[in-house]
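Chains as they are written, first to last, in this note's numbering: chain E, 1 to 177; chain G, 178 to 622.
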């Protein structure tokens, strides 16, 4: 049985990946954050938390998955989301991912800079998608473009961001000027 | 990354995958560990972007507000923010500023401004704060700010500052546009507070069962702000009862914050906490789910008559469960020493199988389920009676009717059930649904 301190340490170790997992399932930053907080609350209250890092992460994802399913039921989402096999595949993908909290932090810092460097029209699309939570179709309506064109833009801008982050990390000491 | 995978990932995030595409997506992930790694990277980037955008907006609005209000900024760190465990300092400060702004009387416009920037969510609209009265039973009154009252009509919308008062044996349901529902017990008095930073209500006395839909970020629903029994909730189901001295909150699902702001405790699923004016909220303790009152959608309708033969003076109410021991008392002070009750509604079972119903009734009882008479003991005199077992299927609702009478005191009536997989217990509210025969309401006094 894990004590409180090692429990919070474990939880922090998996913070980014767990939030990413929840985000992958709910696909909305606000909802993902709320569910993440709720998972945290529940984790700290459970007594049989596994002490092994991987088992612990899987256990957290289990709690998160239940909360997300509940959330979906309350929102009556598209039935495709309940495709069990797809959820299992996503679970597998996260099982295989290595938690790299420190790297994730550095990436976030780099990302903040990279977002600022984006040209306005690119940042607008990113804002609409990831802040306002609009779908490609809705963004397309606003910009009078097809959803396919919007997805192309999103792909391109995301690739730019990835590249920008990698180059900053390669330069070393992301965030220290 | 594989182009098709990239398309599917974006479609998944848009929630526009068809069943076929969902299968294709699952196949792609299942067959290729590189695809799985790509997917995780993709989602992690989406997540990080969302987080960064929120963060930068928080920071900007905090900076702006701090510049505008230097006095607030200084006290922000010792503000009430301590009771809101949040991961980000930026948000903490914003919340503190928000609360302080409200406190020093900036009121609506500043709230609006900050909330707007905060979550990127729609500003709390006045219309979202005004509940409709969707369902009433018996005598329910609306009380306006100037103390004028009139009887409520179903479908009426309550204004900010209005109160609703239910009398004994009556009830009402309040429904907000976002689906948040309050089911009010009899003898309850509740006011809609004229604040626009979220749903604020004051429960002066009585009880309610709340099903709260998720609330906008930074604008939780609050009952009894500034009181020892403050309840703050973002989205959950719970019961809240208050009398002159003591308040109890019982949570069915989710969590609420309960108690004076700086001493609040977090009450989670299947727990309760008590607070009173001279005692802060107690540490939450576990409760049996049966003890939570689940609102008027559950229970049986009881028609109570002031005679042993279902005639004479009459009132109706909904009883969450049939478990009474009146003794020498009568259910209503207007009754003399004999009375009769007919409970009607429907019953559902947790699992398909054979059920046995039991009654403990003084003086006599008749029970029928699904039209079959199971117990007919009009002079039962307090004995425990078991009915003929009956086969019931999960997911179906069966009509149930109980007739009961008493004359000589020692009045009691309990309805229990058992099955091979369930020990004998009082039939809980969650399995019962009241009959909806409004026509007899007219006779209510």
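By construction, the Cβ of each residue, glycine as well, lies at the ideal position given by its N, Cα and C atoms. These numbers were taken from a predicted model, which means no experiment stands behind them.
Close to residue 96(E), with beta-carbon spacing below 9 angstroms, are these residues of chain G in chain order: 210, 213, 214, 217.
Within the segment 14–68 of chain E, the complete alpha helix (DSSP H) segments of 4 residues or longer fall at 15–26, 29–45, listed in chain order. Listed by position along chain E, the residues whose Cβ is nearer than 9 angstroms to that of residue 226(G) are 29, 111, 115, 126, 129, 130, 131, 158, 161. Assigned with DSSP and collapsed to three states, residue 459(G) falls in coil, not helix or strand.
Looking at the DSSP output, residue 448(G) sits in a beta bridge with 428(G), 463(G).
Put simply, the segment 475–491 of chain G does not touch the segment 452–464 of chain G. Fewer than three CB pairs are less than 8 angstroms apart. By the neighbour-count definition (other C-beta atoms within 10 Å, threshold 16), residue 158(E) is a buried residue. For the pair residue 409(G) and residue 399(G), the Cα-to-Cα distance works out to about 5 angstroms.
Residue contact check for residue 347(G) against chain E: no CB pair falls below 8 angstroms.
For the set 579(G), 552(G), 557(G), the Cα lying nearest the Cα of residue 567(G) is the one of 552(G).
The Cβ-Cβ distance between residue 213(G) and residue 92(E) falls below 8 angstroms.
Residue 391(G) sits close to residue 411(G), with the two beta carbons spaced by under 8 angstroms. Using a Cβ-Cβ distance cut-off of 8 angstroms, the segment 3–22 of chain E and the segment 196–216 of chain G are not in contact, since fewer than three pairs of beta carbons, one from each stretch, lie closer than that value.
Shown here for residue 554(G): same chain residues with a beta carbon closer than 8 angstroms to its own, the five before and five after excluded, namely 536, 538, 541, 542, 543, 560, 562 in chain order. The three-state secondary structure of residue 395(G), taken from DSSP, is coil.
Residue 502(G) sits exposed, since fewer than 16 C-beta atoms from the chains shown fall within 10 Å of its C-beta. With 16 or more other Cβ atoms from the protein chains shown falling within 10 Å of its own Cβ, residue 433(G) counts as buried. Rounded to the nearest whole angstrom, the CA to CA distance from residue 208(G) to residue 88(E) is 13 angstroms. Neighbours of residue 207(G) in chain E, taken as residues whose beta carbon is under 7 angstroms from its own, are 89 in chain order. Within the same chain, and ignoring the five residues on either side of residue 153(E) in sequence, the residues whose Cβ sits closer than 6 angstroms to its Cβ are 125. About 20 angstroms separates the Cβ atoms of residue 406(G) and residue 363(G), ruling out a contact at the 8 angstroms cut-off. One Cα belongs to residue 431(G), the other to residue 114(E), and the distance between them is close to 38 angstroms.
In this chain, the beta strand (DSSP E) harbouring residue 524(G) covers 516–524. No Cβ of chain E is located within less than 8 angstroms of the beta carbon of residue 441(G).
Shown here is that no member of the segment 449–460 of chain G has a Cβ falling below 7 angstroms from a Cβ of chain E. For residue 220(G), the chain E residues whose C-beta falls within less than 7 angstroms of its own C-beta are 20, 23, 24, listed in chain order.
The continuous stretches of alpha helix (DSSP H) do not include residue 439(G), and DSSP gives it neither H nor E. Judged by DSSP secondary structure, residue 590(G) falls within the beta strand (DSSP E) whose first and last residues are 588–596.
When the five nearest sequence neighbours on each side are left out, the beta carbons in the same chain lying within less than 6 angstroms of the beta carbon of residue 140(E) are those of 146, 147, 150, in order along the chain. In the assembly as shown, residue 221(G) is a buried residue. Its beta-carbon has 16 or more other beta-carbons within 10 Å. Residue 341(G): member of the beta strand (DSSP E) spanning 340–343, first to last residue.
Unbroken beta strand (DSSP E) stretches of 3 residues or longer found wholly inside the segment 519–563 of chain G: 530–539, 541–546, 549–554, 561–563, given in chain order. Across the structure, residue 99(E) and residue 13(E) are spaced so that their CA atoms are roughly 7 angstroms apart. Residue burial is scored here from C-beta neighbours: residue 422(G) has fewer than 16 other C-beta atoms within 10 angstroms and is therefore classed as exposed.
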